[in-house]
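Take a look at the structure below.
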Amino acid sequence: MKFHFYGGADVPEWFFAETAVLAKISSVRTKLICRQILLKLTGKDINYEKLEKLTTSKRLNFTRSDTKAIIAGLEFILENAAKHNIDVEVLGQELMQLGLPQDTSSAICKGYSEKKEDMRAHFLKESLKLPQLASCQWRVDYLISSSDVKTLNKPSVRLNLKLDKKDVDGDEEIVFELTADKLRVLANELKVAKTLLANLQ
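Residues in the sequence shown are numbered from 26 upward in steps of one, following my numbering.
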């Protein structure tokens, strides 16, 4: 069964075992555990001592494995729902389809709704970003000879790449030279990369 909060794909098999454990805890306890996990997912320090107390229950006799399942399950739900920008109502429906009680699903959705934008902002900040190219200038020089070779008679291409200032911590300008053959290889590889990126969209 496919779920929107997981990008329209089937959730991993291990997750079904975690939901069985999640279904055993109260909505109040779920809400408090979610608060701690949401601290982690928004780039803040998590209180592991408090989290351990919330996931320890003599009445339910949770094992260490159960505790890990609760934390992993809730983190999986909240992180993926935020990454895929799922509407809170849709998330609630899908959690109940997974077998979670309505009050437990509502507790998860409440925390998700309150911190959704904070999570997305943190994920964006932490995601890989490559510097943007501001401009590209080139020049072709025809090399007649060099100190090593008396007769060369080959073109040489000089590329000057300028990067966007806001994306760069170090040098904003990259200058290098390459032969005509290497330029052809570079141009071909960039075309292949462009095609691959277009197919991903």
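Beta carbons: idealized from backbone N, C-alpha and C, even for Gly.
At the 7 Å Cβ level, is residue i part of the contact set with chain D, yes or no?
i     : result
Val46 : The chain labelled as chain D is not found in the depicted structure, where only one protein chain is given.
Taking the beta strand (DSSP E) that residue i falls in, what are its first and last residues?
i      : result
Lys179 : 179-188
Leu203 : 198-204
Run through DSSP, which three-state label would residue i get?
i      : result
Asp112 : coil
Gln162 : strand
Lys49  : coil
Which stretch, first to last residue, makes up the alpha helix (DSSP H) that contains residue i?
i      : result
Gln157 : From DSSP, Gln157 is part of no alpha helix (DSSP H); its letter is neither H nor E.
Lys69  : From DSSP, Lys69 is part of no alpha helix (DSSP H); its letter is neither H nor E.
Residue i bridges to which residues according to DSSP?
i      : result
Phe28  : Ala34
Tyr137 : Paired residue(s): none; Tyr137 is not in a bridge.
For residue i, is the classification buried or exposed, using 16 other Cβ atoms within 10 angstroms of its Cβ as the cut-off for buried?
i      : result
Tyr137 : buried
Val36  : buried
Asp189 : exposed
Met26  : exposed
Gln122 : exposed
Phe30  : buried
Asn178 : exposed
Trp149 : Note on identity: in this sequence residue 149 is Leu, with Trp being the wrong assignment. The residue is exposed, with fewer than 16 neighbouring Cβ atoms inside 10 Å.
Ala106 : buried
Asp166 : exposed
Ser160 : exposed
Phe41  : exposed
Original post:
Can at least three beta-carbon pairs, one atom from the region 81-95 and one from the region 36-53, be found at a separation below 8 Å?
Top reply: Cβ pair count under 8 Å is three or more, so yes.
Original post:
Quick check: the region 110-124 against the region 64-81, are there 3 or more CB pairs under 8 Å?
Top reply: no
Original post:
Is there contact here, the region 119-136 with the region 53-63, by at least three beta-carbon pairs under 8 Å?
Top reply: yes
Original post:
Quick one: any contact between the region 197-210 and the region 178-188, if contact means 3 or more CB pairs under 8 Å?
Top reply: yes
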